[in-house]
Amino acid sequence: WMSDCHCSFCRKTHGTAFATYVLAKVNALEVYGREHIVRFESSPDFFRNFCGRCGSVVPGAPFDGNVFLPAGNFDEDPEIRTEAHIFVGSNPAWYPITDDLPCFEGYPPGIDVANVPDRPRAAVAAPINGTCLCNAVAFEATGEPLVCRHCHCSRCRKARSAAHASNLVVPIDGFRFTRGDDRLRSYKAPDARFFTQVFCDICGSAMPRVDEARGFVVIAMGALDADPGVRPRNHIFVGSKAPWFEITDTLPQFEEQETA
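Numbering-wise (the working numbering), the sequence shown opens with residue 2 and increments by one.
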């Protein structure tokens with residue numbers, strides 16, 4: 002069973018508008034590389050796991066014989082599709098739900114897990130600000146945003162363990178970490194010119210990447226604590242889009258980078 006979760010816990014953990022998970026039987030799961038897994042207790046007795054090397058979200062602790070698998074990590078098409086949106090009351094203003102799938106305020110019927118109270122949605126904030134899930138890292142940006150878009154490349158999908166990344170790019174001038182920059186870890190993809198994943202080493206949340214050479218900062222929008230007041234303008238690298246995800250909004254789409 003596959004669903005899109007819009008709760009603030011998933012949003013912070015993945016750095017995206019929503020996380021897509023497949024519910025599977027834990028006795029059918031094999032995990033390799035357990036020595037790299039870091040566990041974070043996001044709520045009582047609920048652990049979120051991530052890779053301590055690269056920050057990718059990995060399957061969490063089992064419950065009632067089941068486990069949630071983050072779909073962004075899949076190497077192949079799981080041949081199932083999203084059946085519902087859950088925790089839609091926490092969906093961010095910058096990502097409207099545009100398909101016709103069922104929507105639930107919490108877990109759907111049949112999932113016997115107690116709903117954890119979510120964080121309230123915040124109004125537009127200035128300066129733009131955000132935190133990781135455990136609140137160890139915080140940041141703010143006062144500069145005018147340069148661009149905002151959704152990226153479907155395979156690196157973003159693996160790094161965010163989600164259908165795609167939603168990134169806000171701001172000038173480096175006016176950006177600062179207000180606390181916790183000593184908790185940041187980074188992983189640069191070996192075959193990438195620029196791509197680097199930055200994350201909190203306590204909770205694994207995707208955090209802003211400061212690109213000093215090019216003079217800007219890439220902010221994972223799921224880390225934002227309030228509406229930034231800007232909206233994504235397009236989808237890029239849709240040629241690498243996850244086969245299980247369908248784009249249903251009307252934003253322009255580009256097979257690779259944005260073109261004029």
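Note that beta-carbon positions come from the ideal geometry of N, C-alpha and C, so glycine has one too. Since the model is a prediction, treat every value here as computed from it, not as a measurement.
If we ignore side chains and look at the alpha-carbon of each, how far apart do residue i and residue j end up?
i, j, result
"C55", "Y188", "5 Å"
"I144", "P45", "One point to set straight first is that residue 144 is Gly, not Ile, in the sequence displayed. Between G144 and P45, the C-alpha separation is close to 38 Å."
"N50", "A94", "27 Å"
"S162", "P110", "25 Å"
"A221", "H15", "9 Å"
"K26", "D5", "18 Å"
"L169", "G66", "38 Å"
"S43", "F10", "7 Å"
"G175", "L147", "13 Å"
"C104", "P71", "19 Å"
"T197", "D101", "35 Å"
"S241", "I81", "18 Å"
"P60", "D212", "30 Å"
"A1", "R184", "What the structure shows of the chain is the stretch from 2 to 261, and residue 1 is not part of that stretch, so it cannot be assessed."
"F64", "D228", "34 Å"
"K53", "G90", "Checking the displayed sequence, the identity of residue 53 turns out to be Gly instead of Lys. Looking at the two C-alpha atoms, the distance is approximately 31 Å."
"E259", "I248", "17 Å"
"R12", "F47", "16 Å"
"V58", "L24", "15 Å"
"D192", "E256", "20 Å"
"T99", "C8", "17 Å"
"D78", "H86", "20 Å"
Short check: CB of residue i to CB of residue j, under 9 Å?
i, j, result
"P262", "R234", "Only positions 2 to 261 of the chain appear in this structure, which leaves residue 262 out of reach."
"R40", "A62", "yes"
"W2", "E106", "no"
"G73", "R194", "no"
"D250", "P97", "yes"
"A142", "V231", "no"
"A160", "W245", "no"
"A224", "F140", "yes"
"T17", "A127", "no"
"Y22", "F69", "yes"
"F19", "A243", "no"
"R156", "A190", "yes"
"R186", "V171", "no"
Can you tell me where the beta strand (DSSP E) with residue i in it begins and where it stops?
i, result
"A1", "Any answer about residue 1 is impossible in this case: the structure gives the chain only from 2 up to 261."
"F48", "47-52"
"C349", "Because the chain is modelled from 2 through 261, residue 349 falls outside the range shown and cannot be assessed."
"C204", "Taken as a continuous stretch (DSSP letters only), C204 belongs to no beta strand (DSSP E), as it is neither H nor E."
"L185", "185-189"
"R194", "Segment: none, R194 is in no beta strand (DSSP E) and carries neither H nor E."
"F178", "176-180"
"R40", "38-44"
"N168", "166-172"
"A243", "Careful: A243 lies outside any beta strand (DSSP E) and carries neither H nor E."
"A221", "217-221"
"V211", "210-212"
Where do the N-terminal and C-terminal ends of the alpha helix (DSSP H) with residue i fall, by residue?
i, result
"A160", "155-161"
"T249", "It is not in any alpha helix (DSSP H) - T249 carries neither H nor E in the DSSP assignment."
"R12", "9-15"
| field | At least three beta-carbon pairs within less than 8 Å, the region 168-186 to the region 24-31 | value | no
| query | Hey, is the region 131-144 in contact with the region 189-208, meaning 3+ C-beta pairs nearer than 8 Å? | reply | yes
| request: Taking only runs that begin and end inside the region 62-149, name each unbroken beta strand (DSSP E) of 3 or more residues, in chain order. | output: 67-71, 83-87, 129-132, 139-142
| request: Kindly confirm or deny that the region 149-158 and the region 225-239 touch, where touching means at least three C-beta pairs closer than 8 Å. | output: yes
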